[in-house]
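Here is the structure we will look at, set down as structure tokens.
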């Protein structure tokens, strides 16, 4: 399954299935996978709202072109009260920079609106800003120390939450805008996460063993 990649994510299953059917009609094998929140999202109050359309990695470019062509056919018919028409040029450019946060329709419409307004899209600058944004994703997160501190506290208190925090720090992954998957937290934080996780398992095993020993000793009397 290593050659399978996420093509698009949607907040509801109907949109995901519609795209899946469109891709299959055009000869691209695809399937819908229920989006499950990471441990990190669970702690942050996230809910499992994403449905992922997955395809073979080798079909990604073909699928992107198919979707782009389909969207372009609808751009001329868009209602003028669509919210992107109210965006400033700077806001539209931000849509281009953060392409991964917008759907194909909004991205292509933003390009069209800028062009219609006589603005030249500097592709070199755009690509440079996208690369800088990817670099920002790889920087250590400001809340890492808080999670590490909380992990040690909860695991020493004997709570299962400490084990979950440790696993989150150790194994959480993030998909970058260029589709590369990296570990969410820094190597130092991941090392702390592994220690917290293993410590939690060890202390839990001792606790459970203690309960069995107590019951065994009681049964002897």
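Residue numbers (my numbering): 36 to 256.
Where a beta carbon is used, it is the ideal one built from N, C-alpha and C, also for glycine.
Would you kindly report the start and end of the unbroken beta strand (DSSP E) that includes residue 42?
39-45
So residue 144 and residue 113 are in contact, right, with Cβ under 8 Å, and what is the actual spacing, rounded?
6 Å
For residue 111, the three-state DSSP class (helix, strand or coil):
coil
So, do the segment 171-183 and the segment 203-218 have three or more beta carbon pairs nearer to each other than 8 Å?
yes
Less than 8 Å between the CB atoms is what I'm expecting for residue 107 and residue 42, so what's the real figure, rounded?
About 18 Å; that fails the 8 Å criterion.
What's the C-alpha gap between residue 208 and residue 214?
So the alpha carbons of these two residues sit roughly 12 Å apart.
Would you mind giving the Cβ-Cβ distance between residue 102 and residue 139, rounded to the nearest angstrom? I have them listed as a contact below 8 Å.
5 Å
What is the DSSP secondary structure of residue 51, counted as helix, strand or coil?
helix
Determine whether the beta carbon atoms of residue 185 and residue 169 lie at a separation below 7 Å.
no
Less than 7 Å between the C-beta atoms of residue 87 and residue 44, yes or no?
yes
In whole angstroms, what is the alpha-carbon distance linking residue 243 and residue 222?
31 Å
Short check: CB of residue 100 to CB of residue 131, under 7 Å?
no
Boundaries (first-last residue) of the alpha helix (DSSP H) holding residue 179
179-191
What's the call for residue 183, buried or exposed, on a 16-neighbour Cβ count within 10 Å?
Flag for residue 183 reads buried.
Buried or exposed: residue 75, going by 16 or more other Cβ atoms within 10 Å of its Cβ?
Only weak support is given to the placement of residue 75: the predicted model assigns it a pLDDT of 47, under 50, and the value that follows is read from those uncertain coordinates. It is buried - the Cβ of residue 75 has at least 16 other Cβ atoms within 10 Å.
Could you give the DSSP three-state label for residue 249: helix, strand or coil?
helix
At which residue ranges does the segment 114-184 contain complete alpha helix (DSSP H) runs of 4 or more residues, listed in the order of the chain?
Those alpha helix (DSSP H) runs which fall completely within the segment 114-184 and span 4+ residues are 124-132, 139-151, 158-172.
Per DSSP, which residues does residue 216 bridge with? Please list them.
Residue 216 is bridged to 210.
Which same chain residues, not among the five before or five after residue 59, have their C-beta less than 7 Å away from its C-beta?
65
Per-residue burial, residue 224 [other beta carbons within 10 Å of its own, 16 or more giving buried]:
buried
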